[in-house]
Amino acid sequence: MAKKRALDRSKVIDQAITIISEKGLSELTMPALAKALGIRSQSLYHYVANRNDLLVLVCVNRLQVLRQHLTKKIIGHSGLDALFRFADEIRDFLLHDKAISSIYYGLNEYVQNEQIREEVLKIVDLGEKLDVGKKNVVSLHSLLGAVLGYVFLDRYVIDETEKEADDNYHEMLLRLVAPKLQVEGTK
């Protein structure tokens, strides 16, 4: 009787996420991953074609987790509360999930990947379904771009306390939405 493999693609992806989270993206090599899984490097190629393929799979996995997380967090919310919760949850997820943020900000290498594109579009579609009164929002794409940009600043550039970062981030969100609200309030 043939011995059933204990390893599968999801375990490979999970271990890759662990390595990125604990040691950083640069430490995720095929030999390091194989060693962590307790297999030979050549055996990894039964599950992934190469490191780029692995990074795409990790990114897709993390985007799927983000979408599931967003769905749970925004249920029952509407209007600007839903919009701000959506933006806050994306920011918090990207700030605390080292695997997605490490890969996402180096995404120019993978941007042509259809799987990643589809997962990003699913998140955009989720945001488009929010009942926010579209007349009050500059655009969801602008908002998401601002969130991603601010996460990059939070993570790699600006030296602020957590409270300062939160306050500045929320001020930026209000600036994207509030001008339309203020103009409508004066009419």
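Here the UniProt record's numbering is used: the first residue of the sequence shown is 1, the next is one more, and so on.
Beta carbons: idealized from backbone N, C-alpha and C, even for Gly.
If you're wondering where the values come from, they're calculated on a predicted model, not measured in any experiment.
Item, Value
"DSSP state of residue 188 mapped onto helix, strand, coil", "For the chain, the structure presents residues 1 to 187; residue 188 sits outside this window and is missing."
"Residue range of the alpha helix (DSSP H) that includes H46", "Counting along the chain, H46 falls outside any alpha helix (DSSP H), and DSSP gives it neither H nor E."
"Residue closest to E89, alpha-carbon to alpha-carbon, out of Q68, Y104 and A99", "Q68"
"Close Cβ partners of L63 (< 6 Å) along its chain, the five nearest in sequence each way excluded", "E119"
"Same chain, Cβ closer than 7 Å to Q15, neighbours up to 5 away in sequence not counted", "L33, A36 and L37"
"Residues near L28 in its chain [Cβ-Cβ closer than 7 Å; skip 5 each side]", "A16, I19 and I20"
"From V151, D97, G145 and G127, residue whose alpha carbon lies closest to that of D166", "V151"
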